[in-house]
Structures are given as structure tokens and as C-alpha cells.
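Worksheet: one structure, shown below.
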Amino acid sequence: MKHYKIAALPGEGIGLEVVEATLNILQHVATRHNLKLQINYGLIGEQALKKYGSYFPAETLQICSQADGILFGAVSKGGLLELRKQFDFFVNLRPVKVCSSLINYSSLKKNLLSEVDILFVRELVSGIYFGVSGREKDRQGNYGYHTMKYYDWQIKRIAKVALEKARHRKNLLTVAHKENALPHLPWTRLVAEVAGAYPDVKVEPMLVDNLAMQLVINPQHFDVILGGNLFGDILSDLGGALVGSIGLLGSASLNSNGLGLYEPIHGTAPDIAGKNQANPLGTLASAMMMLEQWGEVEAINSLQQAWDNILAQGYRTQDLYNSLDTEILVSTQELVQLFCKLL
Ligand code: IPM
Ligand code: MG
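What the sequence shown shows, in our numbering, is residues 360 to 702, in sequence order.
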């Protein structure tokens with residue numbers, strides 16, 4: 360029997376519910392596939408601040424350091440960026456794949472969506488999120504600033520990951536950049552240098568504003584999309600619109616040792632928090648990426664089958680419910696029950 364330690368950091372808002380739901384489902388699939396999961400909970404965000412005086416306290420760092428994977432819910436502010444930086448989780452993978460039973464749920468026309476399968480590769484520990492910043496005052500008044508700084512090696516190391524991914528997919532890598540306004544961040548040239556070793560991958564640089572438009576006009580065109588921290592953040596939310604709900608999307612953030620932080624790409628959703636309405640599938644998708652990182656293919660397959668089955672039967676959480684005859688509205692808990700029954 361294989362043992363894994365999971366650090367569970369539910370955070371705030373619906374983070375609490377979606378992590379709990381996902382862990383319930385995971386324990387079920389673990390039993391079936393002879394895996395032993397040990398869950399250690401840690402505080403992050405507002406609750407951590409209240410108890411320990413820090414958004415990302417040493418106690419939580421300790422729990423994460425001992426884990427084989429970190430399952431994260433959501434925070435409203437504070438904690439997350441520190442966590443990502445602490446473990447150098449520079450690779451953020453955000454897959455966007457349209458489920459066939461949800462093809463009518465996107466705001467885009469159906470014919471644009473079939474077969475859409477995009478992997479966003481976002482640099483996660485540098486760029487404008489982590490550059491020199493501050494608020495100051497000069498003769499013209501108060502001002503604020505954040506600096507977008509990238510070392511060439513940071514761009515090259517994430518480029519290598521994206522190229523590897525593209526090599527094992529459809530061999531197309533689109534690189535988001537803004538060199539017409541930000542020429543000192545030469546993503547195109549740096550990625551091209553690394554791409555020399557990947558002649559099988561077609562590299563397509565694209566201005567990020569145009570890329571945003573192309574994602575809506577022709578999402579089927581794309582395979583792997585590489586972007587810096589800020590561009591990757593913005594573009595990957597567009598992915599939520601493509602699949603019908605941001606509640607469906609998960610992510611993995613990895614460092615060079617292969618340790619990972621797994622989190623849905625949605626936020627705390629305070630409007631529905633505590634109401635048993637949240638969609639846990641984004642967190643479950645993230646947990647499936649954790650299983651993938653561990654090489655637990657059979658467990659993923661069981662989960663994927665249950666997932667497809669449940670959506671095909673019409674079960675929908677609030678975010679996906681349109682009061683159609685073909686739909687059955689379910690709570691977070693009810694969705695968990697459905698998974699447990701099928702697993
Ligand atoms: C995300 C989120 C975070 C980010 C926020 C909460 C800081 O939007 O993971 O996409 O911008 O990275
Ligand atoms: Mg975001």
C-alpha cells in the first residue's frame with residue numbers, strides 16, 4: 360500500500376467547502392485503489408492571521424514541508440503568494456478542456472468549442488507580482504508602482520517546461536508577450552533560444568492583447584500557451600469562460616523537485632460561502648493533477664469516469680444550473696455523495 364501525506368490548506372470562503380469535499384472524494388478513491396492518504400491541516404490567510412499573526416505562519420510552512428502535495432482552497436488576500444514563493448513553485452499549469460456534456464454552458468458558440476484543449480503554462484514566482492513596489496509621493500502627488508522584472512533564466516526555465524509539455528501534446532507553443540510596449544522583456548527571443556532543442560515544437564509568439572482576442576475568436580487553434588505571471592493570470596480566467604464556469608478549473612504549481620501546490624483557479628466567492636453551493640470540481644481537478652504528479656493513473660481514471668458520468672447525467676451545482684429539464688441541481692455535499700457512490 361502506498362502512503363501519501365497531503366497538506367490541506369482550505370483557507371477562506373468556499374475554500375473550506377471545496378477542500379473538504381475533495382478530500383472526501385479522494386479518501387474514497389484511495390480506499391478503492393489501495394492508497395493511504397494522511398491529511399494534515401494548516402491555516403493560511405485570514406484565519407492564520409488571527410491565530411498566529413501571520414498570513415502564512417511557520418506552523419503551516421512546516422506542515423507543507425513534510426507533505427507529498429499541498430491541496431489549497433482559496434484566500435481573499437495574503438498567504439498565497441508567500442506560499443508559492445517559499446517553495447519556488449514557478450510552474451503553474453492550468454488545463455482548459457471543454458467537457459462534451461457542458462458544451463452548451465460556455466458563452467461562446469458550440470461550434471467553436473468542440474475539441475478545445477488548452478494548457479496554460481504560467482510563470483508563478485516572479486514578474487510584476489514580486490517586483491519592487493511601493494507607494495510614494497512626489498511633486499505631482501501620491502503614486503504607486505509595481506515593477507515587472509524577469510531574469511532571463513526565469514523566462515528560459517519556464518519556457519523549457521512549456522516546450523516539454525507541447526512536445527507531448529500537439530506541438531504548438533504560443534508565447535504571450537507585449538514586446539511592442541515592453542521591449543526589455545524579450546520573451547520571444549529567450550523562448551526561441553530554448554526552443555532550439557525542440558525542433559518538433561512550433562513556437563508562435565503572440566502579443567498578449569491579440570492573444571486574448573484570438574482565444575475568444577478561435578480557441579481551437581491553441582495547444583500550450585506560455586505567459587508570465589500577470590498575463591497568465593488574466594488569460595487563464597478566460598479559460599473559465601470557455602469551459603462554462605471557472606468553478607471547473609484546477610491547477611498545479613510545481614517546483615523543480617516536483618513538489619506541488621494544487622488549487623482551483625477560482626477565489627473565495629464570499630457571496631455563496633458556507634451555503635453548500637460551491638462547485639468542488641475545480642479543486643477535484645487540482646487533486647487529480649496531484650495524483651498525476653504521483654503517477655497514480657488508475658485512481659485518476661476512476662475519478663475521470665465518475666466525473667464524466669455525473670455531468671452526463673445532468674447533475675449541476677449552482678454555477679452551472681440553468682433550470683433546464685435535463686439538469687438536476689445538487690449541493691456541494693450531494694455532488695460528493697454522487698462521486699462516492701460511483702467510486
Ligand atoms: C490566481 C489568483 C491569484 C493570482 C490571486 C488570488 C493573487 O487570481 O491564482 O489566479 O493572481 O495569482
Ligand atoms: Mg487569477
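The C-beta atom is built at its ideal place from N, Cα and C for all residues, glycine as well.
Just so we're clear, the structure is a prediction, and the values are computed from it rather than from any experiment.
Heavy atom of the ligand IPM within 6 Å of residue i beta-carbon
{"i": "Asp592", "result": "yes"}
{"i": "Ile477", "result": "no"}
{"i": "Ile624", "result": "yes"}
Neighbourhood of residue i by C-beta distance below 6 Å, restricted to the same chain and skipping five residues each side
{"i": "Pro639", "result": "Val377, Ala380, Thr381 and Thr691"}
{"i": "Tyr400", "result": "Ala367"}
{"i": "Gln406", "result": "none"}
{"i": "Leu570", "result": "Ala535"}
{"i": "Lys529", "result": "Asp582"}
{"i": "Met360", "result": "Asn393 and Lys395"}
{"i": "Phe698", "result": "Ile384 and Ala665"}
{"i": "Cys423", "result": "Ala366 and Ile429"}
{"i": "Met565", "result": "Thr533"}
{"i": "Glu657", "result": "His392"}
{"i": "Arg494", "result": "Gly503"}
{"i": "Ala433", "result": "Gly370, Gly372, Gly374, Gly626 and Thr627"}
Residue of the options minimising C-alpha distance to residue i
{"i": "Gln677", "options": "Asn635, Ala671 and Leu697", "result": "Asn635"}
{"i": "Asn470", "options": "Ala671, Asp667 and Leu601", "result": "Leu601"}
{"i": "Leu452", "options": "Leu683, Ala611, Ala637 and Ala571", "result": "Ala611"}
{"i": "Met649", "options": "Leu620, Leu394, Leu589 and Leu662", "result": "Leu620"}
{"i": "Asp592", "options": "Lys496, Glu482 and Ser604", "result": "Glu482"}
{"i": "Val575", "options": "Ala521, Asp596, Pro558 and Phe431", "result": "Asp596"}
{"i": "Ala644", "options": "Pro629, Trp546 and Glu622", "result": "Glu622"}
{"i": "Leu430", "options": "Val484, Lys444, Leu440 and Gly370", "result": "Gly370"}
{"i": "Asp582", "options": "Gly603, Val560 and Val656", "result": "Val560"}
{"i": "Gly609", "options": "Leu544, Gly404, Glu651 and His580", "result": "Glu651"}
{"i": "Pro558", "options": "Ile403, Glu523 and Met647", "result": "Glu523"}
{"i": "Gly603", "options": "Lys410, Val455 and Phe448", "result": "Val455"}
{"i": "Lys519", "options": "Ala554, Glu495 and Ser615", "result": "Ala554"}
{"i": "Ser509", "options": "Ile624, Gln672, Leu549 and Gly493", "result": "With the sequence shown as reference, residue 509 is identified as Tyr, and Ser is not the correct amino acid for it. The residue with the shortest Cα to Cα distance from Tyr509 is Leu549."}
{"i": "Lys700", "options": "Leu662, Asn463 and Thr419", "result": "Leu662"}
{"i": "Ala521", "options": "Asn539, Arg498, Gln499 and Ala556", "result": "Ala556"}
{"i": "Asp511", "options": "Asn616, His527 and Leu544", "result": "Leu544"}
{"i": "Ser615", "options": "Phe448, Gly432, Gly404 and Gln421", "result": "Phe448"}
{"i": "Tyr464", "options": "Gln696, Arg675, Val695 and Leu694", "result": "Arg675"}
{"i": "Ile584", "options": "Gly633, Ala637, Ala632 and Ala525", "result": "Ala525"}
{"i": "Ala646", "options": "His527, His580, Ile624 and Leu439", "result": "Ile624"}
{"i": "Thr390", "options": "Glu655, Gly673 and Asp667", "result": "Glu655"}
Cβ-Cβ separation, residue j to residue i (assumed contact under 8 Å), whole Å
{"i": "Val534", "j": "Glu552", "result": "Not really, about 12 Å apart at Cβ, beyond 8 Å."}
{"i": "Gly437", "j": "Leu408", "result": "7 Å"}
{"i": "Val300", "j": "Gly598", "result": "In the structure as shown, the chain starts at 360 and stops at 702, and residue 300 therefore has no counterpart that could be examined."}
{"i": "Val450", "j": "Ile514", "result": "So it is not a contact: roughly 13 Å between Cβ atoms."}
{"i": "Val388", "j": "Leu702", "result": "5 Å"}
{"i": "Val484", "j": "Arg443", "result": "6 Å"}
{"i": "Thr627", "j": "Gly372", "result": "3 Å"}
{"i": "Gly641", "j": "Leu683", "result": "Actually they do not touch by this definition, with Cβ atoms about 22 Å apart."}
Chain-order list of residues whose beta-carbon lies under 8 Å from that of residue i (same chain, five-residue window excluded)
{"i": "Leu670", "result": "Cys458, Ser460 and Leu461"}
{"i": "Asp578", "result": "Sequence check: residue 578 is Pro here, not Asp. So the list reads Leu467, Leu471, Leu472, Val475, Ile477 and Leu601, once near-sequence residues are dropped."}
{"i": "Leu589", "result": "Gly486, Ile487, Tyr488 and Met507"}
{"i": "Tyr363", "result": "Leu394, Lys395, Leu396, Gln397, Asp427, Gly428 and Trp653"}
{"i": "Leu541", "result": "Met507"}
{"i": "Glu441", "result": "Tyr414 and Phe415"}
Neighbourhood of residue i by C-beta, 7 Å cutoff - its chain only, sequence neighbours within 5 removed
{"i": "Gln386", "result": "Leu396"}
{"i": "Tyr680", "result": "Glu686 and Leu688"}
{"i": "Lys410", "result": "Leu402"}
{"i": "Asn660", "result": "none"}
{"i": "Leu618", "result": "Phe446"}
{"i": "Leu420", "result": "Gln445"}
{"i": "Gly633", "result": "none"}
Checklist entry - Considering only residues of the segment 514 to 569, which uninterrupted alpha helix (DSSP H) runs meet the minimum length of 4 residues and lie entirely inside it, listed in chain order? => result 546 to 554
Next on the checklist: So within the segment 430 to 477, which uninterrupted beta strand (DSSP E) runs reach at least 3 residues, ignoring any that extend past its ends?
Outcome noted: 450 to 456
Checklist entry - Mind pulling the alpha helix (DSSP H) runs of 4 or more residues that sit fully within the segment 609 to 660? => result 640 to 653
Item to check | beta strand (DSSP E) segments (min. 3 residues) lying fully within the segment 362 to 416 | outcome: 394 to 400
Item to check | Segments assigned alpha helix (DSSP H), at least 4 residues, entirely inside the segment 569 to 606 | outcome: 588 to 602
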